[in-house]
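Residues 0 to 94 in numbering that gives the first Met the number 0 are what the sequence shown lists, from first letter to last.
Positions of the beta carbon are idealized from the N, C-alpha and C atoms, including for glycine.
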Amino acid sequence: MWSFQIDPLVAVGVMVATATTDAAYVMFTAAVVARRRMPAATWSSVWYLLSSFAVISYTNNWVYVLFAAAGSWIGAFVTITFLHRTPPPLGPAPQ
């Protein structure tokens, strides 16, 4: 039936995998917006490779979805925080 037993290492692994997955997704989106083909393709493949661990882990026990959601939030938040600190590209000042 419903299993609430979790393996702490798998839970942390799922959280780290989804945090890293969301970071890769943010980097992929940034590369797409910047129309950079190679980085976008690379980040896309990294994104799918990382997501496979979390999907395989939490399909056996739905409780891991909570850890996946937490990792997803952390990954997106941290990545956007660091992307925002990147200085804007040099060019003409907006009018």
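Beta carbon of residue i nearer than 8 Å to that of residue j
i	j	result
residue 67	residue 25	no
residue 20	residue 49	yes
residue 31	residue 22	no
residue 43	residue 27	yes
residue 82	residue 10	no
residue 5	residue 60	yes
N-terminal and C-terminal residue of the alpha helix (DSSP H) that residue i is part of
i	result
residue 33	No alpha helix (DSSP H) holds residue 33; DSSP gives it neither H nor E.
Cβ-based burial, residue i [other Cβ within 10 Å; buried from 16]
i	result
residue 108	The question about residue 108 has no answer here: the residues shown for the chain are numbered 0 through 94.
residue 63	buried
residue 17	buried
residue 33	exposed
residue 46	buried
Proximity test, Cβ basis, 8 Å: residue i and chain C
i	result
residue 26	The displayed structure is made up of one protein chain only, and chain C is not part of it.
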